[in-house]
């Protein structure tokens, strides 16, 4: 069994790491933008799939400003994000979408390591989903957009004064790696073969990993 650590805190991405939510989110973008040309929505989906860790706020702005080449206000971006969130809440409060491997791991270590969710998903939506699925009890905090992931990580580190060398972010996108790297914490790629060789660790199965606790011999 592979060991990682010593650690005192784990930061978790959500979509694709704790929940198999990406197919639902993919469909959500197509649904909310159904009145726009398919080729434009296809271009957004390419951007969305290549940047899984970015928030919907960034993606809707990209759709209108870069793909459609038209201005969009912050208020309009928020309106699109709200429409998207309504669809997500209806579809994602589903325990069958939880990834067994990662959620069992969280349950195993929740009392031993400080855990936080740092996600590109909307924060209010994310909190509602986690509370509805009884996940919240395992995490010290649940953070999401519109704050960027890099800033979320920075904020949590500052608030809790974790040792950066003993803190890891587990994620499935290059944006997760960038957030970890910029904040000088460890990164563990998970559930995305393209991240193999990126950062300090690649985790095939969390059930095959043993986290070494800071200050304890294991």
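Residue numbers (my numbering): 2 to 219.
Backbone N, C-alpha and C define an ideal beta-carbon position, used for all residues, glycine too.
Residue environment, residue i, which counts as buried when at least 16 other CB atoms sit within 10 Å
i: residue 150; result: buried
i: residue 2; result: exposed
i: residue 192; result: buried
i: residue 30; result: buried
i: residue 112; result: exposed
i: residue 144; result: buried
i: residue 36; result: exposed
i: residue 79; result: exposed
i: residue 121; result: buried
i: residue 123; result: buried
i: residue 216; result: exposed
Alpha-carbon spacing of residue i relative to residue j, whole angstroms
i: residue 74; j: residue 87; result: 20 Å
i: residue 126; j: residue 184; result: 25 Å
i: residue 59; j: residue 22; result: 19 Å
i: residue 214; j: residue 89; result: 36 Å
i: residue 104; j: residue 209; result: 14 Å
i: residue 181; j: residue 165; result: 10 Å
i: residue 265; j: residue 159; result: No statement about residue 265 is possible, as the shown extent of the chain runs from 2 to 219 and does not include it.
i: residue 109; j: residue 198; result: 26 Å
i: residue 91; j: residue 133; result: 11 Å
i: residue 19; j: residue 83; result: 23 Å
i: residue 10; j: residue 117; result: 8 Å
Residue nearest to residue i in terms of C-alpha spacing, selected from the options
i: residue 178; options: 166, 200, 167; result: 200
i: residue 115; options: 38, 163, 80, 206; result: 163
i: residue 95; options: 67, 101, 50, 130; result: 130
i: residue 97; options: 152, 197, 25, 157; result: 25
i: residue 196; options: 42, 39, 135, 51; result: 51
i: residue 206; options: 6, 91, 100; result: 100
i: residue 146; options: 56, 77, 134; result: 56
According to DSSP, residues forming a beta bridge with residue i
i: residue 30; result: Answer is none; residue 30 lacks a bridge partner.
i: residue 187; result: 169
i: residue 203; result: 190
i: residue 16; result: 20
Any non-hydrogen atom of the ligand PLP closer than 7 Å to residue i Cβ
i: residue 110; result: In terms of ligand content, the structure shown is empty, and the ligand PLP therefore cannot be addressed.
Below-8 Å beta-carbon distance, residue i vs any chain C residue
i: residue 81; result: The chain labelled as chain C is not found in the depicted structure, where only one protein chain is given.
Segment contact, 8 Å Cβ cut-off, at least three pairs: the region 9-22 with the region 168-176: yes
Three CB pairs or more closer than 8 Å across the region 58-72 and the region 30-45: Taking 8 Å as the limit for Cβ pairs, the verdict is that the region 30-45 does touch the region 58-72.
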